[in-house]
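Enquirer: In order, the protein sequences belong to chains A and B.
FYI, in the working numbering the residues of the first sequence are 3 to 267.
FYI, in the working numbering the residues of the second sequence are 1441 to 1686.
We put the beta carbon where it would ideally sit given N, CA and C, even for glycine.
Computed from a prediction, not measured in an experiment: that's the story for all the values here.
Before I ask anything, here is the structure I am working with.
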Amino acid sequence: MLAWLLPILMLMVGVTAPRATRPADPRPPQVGMVWIDGGSYSPFYPPAPGVSKVFVSPFWLDALPVTERDWLVFVGSHPQWQRGRVANLFADQGYLRHWRGPVDPGPGVKLLAPVTRVSWFAAQAYCRSRGLRLPTEHQWERAARASATQEDASNDAGFRQQIIDWYGRPAGDPSVVGRAPANLWGVKDLHGLVWEWVLDFNSTLISSDNRGTNDKDKLPFCGAGAQQAKDKGDYPSFMRVAFRTSLRAHYTARTLGFRCAAAAP
Amino acid sequence: MYPRTQILVTLVALLGCQGRPAPTVPTPVAPLAAEPQVGQALAPAVPVSPSAAAAAAMAEPASPAAEPAGHAVLPAATATVTDSLYLLPAKLQDQDGKSLGLDGWKGQPTLVAMFYANCPQACPLLIQNVKAVLAAVPEPARAQVRVLLVSMEPTEDTPEVLRGVMTKHGLDAAQWRLVRADEDTVRDIAAVLGIAYKKLDDGSYNHSSLITLLDGQGKVAAREDGLRPAKDALAGVAAKLAIPAP
Chain A
3 MLAWLLPILM LMVGVTAPRA TRPADPRPPQ VGMVWIDGGS YSPFYPPAPG VSKVFVSPFW
63 LDALPVTERD WLVFVGSHPQ WQRGRVANLF ADQGYLRHWR GPVDPGPGVK LLAPVTRVSW
123 FAAQAYCRSR GLRLPTEHQW ERAARASATQ EDASNDAGFR QQIIDWYGRP AGDPSVVGRA
183 PANLWGVKDL HGLVWEWVLD FNSTLISSDN RGTNDKDKLP FCGAGAQQAK DKGDYPSFMR
243 VAFRTSLRAH YTARTLGFRC AAAAP
Chain B
1441 MYPRTQILVT LVALLGCQGR PAPTVPTPVA PLAAEPQVGQ ALAPAVPVSP SAAAAAAMAE
1501 PASPAAEPAG HAVLPAATAT VTDSLYLLPA KLQDQDGKSL GLDGWKGQPT LVAMFYANCP
1561 QACPLLIQNV KAVLAAVPEP ARAQVRVLLV SMEPTEDTPE VLRGVMTKHG LDAAQWRLVR
1621 ADEDTVRDIA AVLGIAYKKL DDGSYNHSSL ITLLDGQGKV AAREDGLRPA KDALAGVAAK
1681 LAIPAP
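Right under this line is the structure:
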């Protein structure tokens, strides 16, 4: 009965289901990328009044953060990104400061650790050199809500606590990538290693048109934003939003790395 | 026969889809060859030693794809101003359809702000405030100050639309240029200006409003809240930039 009822029902409600599942013959644009199904998630700040979810189209994501070794290869082929050659506009003075020389990480740097102290411009240039781009905030957050068993574990108290515990630990030099278990999509280290750049890190604002704001410095942080938040218990998401809104595109930090993404065809 | 509850669940699930926002169209990866490359050569490059590169490449599980043709390493420059916004490669198009870079008003103090034509309140106010800043610059300095308004809406704000904004606000093309750019360039420009923005589902934008004053070389000389600028202070800096010291 359902077999003939379904098409009629679909016509009645005007459903055009987005392709949200892995294609039969998946060909990642680059080795080391994994498929993330299209699907909805609830951002910390709802996208619009009365709307809590955002649909994210399927995409490809690097399974691992970009490593120091990847960066060494990159600066070899893109010398304009060697330390000492990058304009202050594109990276602050901390850029690759932990390396011994412009093309020499030195013995103290773990080559398989995520590369850090790279600016948004540098991260963008790296991804573009691979024909990719940084993941959008929605893409990153969609991937990061998956536990090993659930597509969206953001309401799972244990999963949440695990991330909060990481945020609570003092940050030292990051460990090597790939040690943590993969999430449902096969992605590792979205939590527990370093913060990561996203394409639209500068997209968080708390009110439309920002008119009525007395102090521009208050804009990304205070009052109204907290009132808008849908799930105030989602502390990990709040932490990430707060961190991103504190960034400028030329900033670098020892705890800030990135990975690349690509839209599914 | 399927149980009635299952049909009900299916119905609810299908109806539930209706309220879901339309999936966003995947953004195609921009072709690299056409992309301007951010990054400015400031000092001679240090070659990666062959052994280090080889070791790194050998250990590389996912060797990056070869760079598409068309990418050229920038030559070493003698630039000493390394925080000039004019270092950003940006392909812009003005209200007359003419191509220019971010440095279209190079050599003159320039007020830069971002807006979009269909913006209901903040952007008209922003434009009025830029006019007020200009008006506060004493002559003869005022005649030297220029304005560059960058649209954050890559598709809707065509040159024709930008010309409409010029007409509506009575902006003089000798002093004002309204420009559009592709999505990636808009993002880069917002990044160097420190402007946050986000396109909403209804086509409008959340955005911070800033007026940035650049000196003739593209360095940031002053920044003000675009909706409540300290216009006299900003005009004062512009006047100093415009008149060379004796």
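Please state whether the Cβ-Cβ distance between Asn1569(B) and Glu1596(B) is less than 8 Å.
Expert: No.
Enquirer: Which word fits Ala185(A), buried or exposed, when buried means at least 16 other C-beta atoms lie within 10 angstroms of its C-beta?
Expert: Per the sequence shown, residue 185(A) should be read as Asn rather than Ala. Classification of Asn185(A): buried, given that the 10 Å Cβ count is 16 or more.
Enquirer: Between Leu134(A) and the rest of its own chain, which residues show a CB-CB distance below 6 Å, the 5 nearest in sequence each way excluded?
Expert: Excluding residues within five positions, the ones whose Cβ falls inside 6 Å are Cys262, Ala264.
Enquirer: Relative to chain A, which residues along the stretch 1628-1654 of chain B have a C-beta separation below 9 Å, given in chain order?
Expert: Cβ contacts with chain A: Asp1628, Ala1630, Ala1631, Val1632, Gly1634, Ile1635, Ala1636, Tyr1637, Lys1638, Lys1639, Leu1640, Asp1641, Asp1642, Ser1644, Tyr1645, Asn1646, His1647, Ser1648, Ser1649, Leu1650.
Enquirer: Can you check whether the C-beta of Arg256(A) is within less than 8 Å of a C-beta belonging to chain B?
Expert: No, its Cβ sits nowhere closer than 8 Å to a Cβ of chain B.
Enquirer: Only counting the same chain, and skipping five residues up and downstream in sequence, which positions put a Cβ closer than 8 Å to that of Leu1540(B)?
Expert: Contacts found: Leu1532, Gln1533, Asp1534, Arg1617, Val1619.
Enquirer: Taking only beta-carbon positions, decide if Asp1622(B) is within less than 8 Å of chain A.
Expert: False, the Cβ-Cβ gap to chain A never drops below 8 Å.
Enquirer: When DSSP labels each residue in this structure, what does Met340(A) get in the three-state scheme?
Expert: As shown, chain A starts at 3 and ends at 267. That puts residue 340(A) outside it, with no answer to give.
Enquirer: With a threshold of 8 Å between beta carbons, is Thr1550(B) in contact with chain A?
Expert: No - not a single Cβ of chain A is within 8 Å of the one on Thr1550(B).
Enquirer: Relative to the C-alpha of Asp106(A), which candidate in Ala50(A), Arg71(A), Val178(A), Tyr128(A) has its C-alpha closest?
Expert: Ranking the options by Cα distance to Asp106(A), first place goes to Arg71(A).
Enquirer: Counting only C-beta atoms, is Thr1522(B) closer than 8 Å to chain A at any point?
Expert: Cβ-Cβ to chain A under 8 Å: yes for Thr1522(B).
Enquirer: What separation, rounded to the nearest whole angstrom, lies between the Cα atoms of Phe1555(B) and Pro1594(B)?
Expert: Taking the straight line joining both Cα atoms gives about 11 Å.
Enquirer: If we define contact as Cβ-Cβ less than 8 Å, is Val117(A) a contact residue for chain B?
Expert: Chain B, which has no Cβ nearer than 8 Å to the Cβ of Val117(A), makes this no.
Enquirer: Strictly under 8 Å for the Cβ-Cβ distance: is Leu1528(B) near chain A by that measure?
Expert: At least one chain A Cβ lies under 8 Å of Leu1528(B).
Enquirer: Indicate whether Asp191(A) and Pro30(A) have their beta-carbon atoms separated by less than 8 Å.
Expert: Contact flag unset, no.
Enquirer: Which bits of chain A does Leu1618(B) rub up against, with CB to CB less than 7 Å?
Expert: Result: empty, since nearest Cβ-Cβ is about 19 Å, beyond 7 Å.
Enquirer: Could you check if Arg181(A) is buried or exposed, using at least 16 other CB atoms within 10 Å of its CB as the buried criterion?
Expert: Answer is exposed; the Cβ neighbour count stays below 16.
Enquirer: Hey, could you find the ends of the beta strand (DSSP E) Thr1652(B) is sitting in?
Expert: Looking at the DSSP string, the run of the beta strand (DSSP E) that includes Thr1652(B) is 1650-1654.
Enquirer: Can you name the residues of chain B whose CB is closer than 8 Å to the CB of Asp202(A)?
Expert: Here the neighbours are Arg1627, Lys1638.
Enquirer: For Pro1669(B), I'd like the list of residues in its chain whose CB is within less than 7 Å of its CB, leaving aside the five on either flank, ordered along the chain.
Expert: Around Pro1669(B): Asn1569, Val1573, Ile1651.
Enquirer: Do Val1632(B) and Leu1525(B) have their CB atoms nearer than 8 Å?
Expert: Against a cut-off of 8 Å, the Cβ pair of Leu1525(B) and Val1632(B) comes out as a contact.
Enquirer: How many angstroms separate the CA atom of Ala155(A) from the CA atom of Arg144(A)?
Expert: C-alpha separation (whole angstroms): 10 Å.
Enquirer: Rounded C-beta distance between Leu1681(B) and Leu91(A)? I'm assuming under 8 Å.
Expert: So it is not a contact: roughly 19 Å between Cβ atoms.
Enquirer: If the cut is a Cβ gap below 9 Å, which residues of chain B does Arg102(A) touch?
Expert: Correct list: empty, because the minimum Cβ distance to chain B is about 12 Å.
Enquirer: Span of the alpha helix (DSSP H) holding Asp167(A)?
Expert: Start and end: 159-170.
Enquirer: Identify each residue in the stretch 76-106 of chain A for which the Cβ-Cβ distance to at least one residue of chain B is less than 8 Å, and report them in chain order.
Expert: Cβ contacts with chain B: Phe76, Val77, Gly78, Ser79, His80, Pro81, Gln82, Trp83, Gln84, Gly86, Arg87, Val88, Ala89, Asn90, Leu91, Phe92, Gly103, Pro104, Val105, Asp106.
Enquirer: I need the boundaries of the beta strand (DSSP E) containing Gly41(A), first residue and last residue.
Expert: Note, Gly41(A): beta strand (DSSP E), 41-43.
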